[in-house]
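Take a look at the structure below.
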Amino acid sequence: MGRVLVGAGVMTLTAKRAFHPRRGLFIGLSLLPAALAVAVFTYWPMVRGSVMAFQNYHLFDLTATPFTGLANFAAVLSDDRFWTALRNTGTWVGVSLVFQFALGFGLALLLRRHFPGRALYQAWVFFPWAMSGFLIGLLWRWMFNGQFGVVNDLLIRAGIVETPIAFLADPGWAMTSVVVANIWYGVTFFAIMIMAALQSVPRELSEAADVDGASRARRFWHVTLPHIRPTLTLIVLLRIIWILNFPDLIYAMTGGGPAGGTDIVTTYLIQQVMGGDYGRAGAVGLLVLGLLLSFAVFYLNATRSSDAARR
Numbered sequence: 058m059g060r061v062l063v064g065a066g067v068m069t070l071t072a073k074r075a076f077h078p079r080r081g082l083f084i085g086l087s088l089l090p091a092a093l094a095v096a097v098f099t100y101w102p103m104v105r106g107s108v109m110a111f112q113n114y115h116l117f118d119l120t121a122t123p124f125t126g127l128a129n130f131a132a133v134l135s136d137d138r139f140w141t142a143l144r145n146t147g148t149w150v151g152v153s154l155v156f157q158f159a160l161g162f163g164l165a166l167l168l169r170r171h172f173p174g175r176a177l178y179q180a181w182v183f184f185p186w187a188m189s190g191f192l193i194g195l196l197w198r199w200m201f202n203g204q205f206g207v208v209n210d211l212l213i214r215a216g217i218v219e220t221p222i223a224f225l226a227d228p229g230w231a232m233t234s235v236v237v238a239n240i241w242y243g244v245t246f247f248a249i250m251i252m253a254a255l256q257s258v259p260r261e262l263s264e265a266a267d268v269d270g271a272s273r274a275r276r277f278w279h280v281t282l283p284h285i286r287p288t289l290t291l292i293v294l295l296r297i298i299w300i301l302n303f304p305d306l307i308y309a310m311t312g313g314g315p316a317g318g319t320d321i322v323t324t325y326l327i328q329q330v331m332g333g334d335y336g337r338a339g340a341v342g343l344l345v346l347g348l349l350l351s352f353a354v355f356y357l358n359a360t361r362s363s364d365a366a367r368r
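The sequence shown begins at 58 in our numbering and counts up by one.
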């Protein structure tokens, strides 16, 4: 009798898992609208923009859009503004990432502890990440205003400076100003992701290390950090890609000025689009895509090699 019941249960489970063509058709039709939306609004613009990169495609003269081969790429690579934007991009990404990661990691460690009002403080800290990057840029543009900005007011009241500083108009200060704003904006992302990773560390591992007499620093370096390293690798890579493709804040604060002093490759691309030269803009887009893919492959290979060496 027991065998019969077990056999019946297996037959029932097998019947439930059986695939029916009608079910497959229903699933396919349910996914079709989302697939079409992604194809129309994501993949088709990517393909069309890639084709434009090899055309003389100017918005104000669409009577003839012949293919010009690599002419757009040659024009971009011979433009001094592009190389200035590329150097600025290295500063923009590198400095922002280091400080965002360090401050975000520290904030995550602090928020991991239990204290009165912890949930409310977490919500207050994470709120900026829900705001628009362009809006954040406008707020910081007001704060760094050379005449009535709050930053100048605080510096003067503290006796650090005597006269206001034109943060966004001075080439020596403009890049520093936008990087400071970006650091403030991105710290929250690292705090959220790292705190989630820290909460995934099994408590048994820390308790076992504590029983073995490991100090807090040793528990962090030999238990916590190895456990969350894959997550850190992923979020650092994602953040590098997002920072490089984040012209909103710069465009709102300086528009790439003064004299291209805060241009990055994505603001340079926007300028090509605003000028109507879609062919050159497509070339810049492909160059940026190639740069990102090359960096992603190098970064992932380097981290895998490092992990393999540790093992």
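No residue lacks a Cβ here, since even glycine has one placed at the ideal position from N, Cα and C.
These numbers come from a predicted model, not from an experiment.
DSSP beta-bridge partners of residue 124: 112
Worksheet entry | Check whether residue 307 and residue 235 have beta carbons under 8 Å apart | yes
Problem set entry | Where residue 334 sits in the DSSP three-state scheme | strand
Cβ-based burial, residue 137 [other Cβ within 10 Å; buried from 16]:
exposed
Practice item. Between the Cα of residue 361 and those of 310, 342, 337, 290, spot the shortest distance and give me the residue it belongs to. Key: 290
So, does the stretch 189–204 touch the stretch 278–285, judging by three or more C-beta pairs under 8 Å?
no
- Message: Could you compute how far the alpha carbon of residue 146 sits from the alpha carbon of residue 218?
- Response: 30 Å
With a 10 Å radius around its C-beta and 16 neighbouring C-beta atoms as the bar for buried, classify residue 158 as buried or exposed.
buried
Can you confirm whether the stretch 168–177 touches the stretch 340–354 when touching is taken to mean that 3 or more C-beta pairs between the two stretches lie within less than 8 Å?
no
Beta-ladder partner(s) of residue 118, from DSSP: 115
| message | Which same chain residues end up closer than 7 Å to residue 327 when comparing Cβ atoms and leaving out the 5 residues on each side of it in sequence? | response | 304, 308
*CB contact flag (residue 339, residue 87, <8 Å)*: no
Give the secondary structure of residue 204 by DSSP, where H, G and I count as helix, E and B as strand, and everything else as coil.
coil
Margin query: If contacts are defined as beta-carbon pairs under 8 Å, then residue 300 and residue 153 qualify, I think. What distance do you get, rounded to the angstrom?
Written below: 5 Å
*asked:* Quick check on DSSP: helix, strand or coil for residue 188?
replied: coil
Is the stretch 252–265 in contact with the stretch 112–131, if contact means three or more CB pairs nearer than 8 Å? no
CA-CA distance, residue 198 and residue 238?
9 Å
Worksheet item: Do residue 139 and residue 133 have their CB atoms nearer than 8 Å?
Response: yes
Practice problem: Can you tell me the Cβ-Cβ gap for residue 209 and residue 337, rounded? I've got them flagged as a contact below 8 Å. | Solution: Not really, about 38 Å apart at Cβ, beyond 8 Å.
At what residue ranges does the stretch 235–308 contain a whole run of the beta strand (DSSP E), taking only runs of 3 or more? none
Run through DSSP, which three-state label would residue 138 get? helix
* **8 Å CB neighbourhood of residue 231 in its chain, flanking five on each side removed** => 224, 225, 311, 314, 315, 318, 319
Best match in 228, 173, 295, 255 for proximity to residue 278 [C-alpha to C-alpha]:
255
Along the chain, where does the alpha helix (DSSP H) containing residue 178 start, and where does it finish?
175–183
Q) Is it true that the CB of residue 183 sits closer than 8 Å to the CB of residue 247? A) no
Beta-carbon contacts of residue 127 that lie in its chain and below 8 Å, excluding the five residues immediately before and after: 111
Q) Excluding five sequence neighbours on each side, which residues of the same chain lie with their C-beta closer than 6 Å to the C-beta of residue 160? A) 244
Thinking C-beta only, is residue 156 closer than 8 Å to residue 84? no
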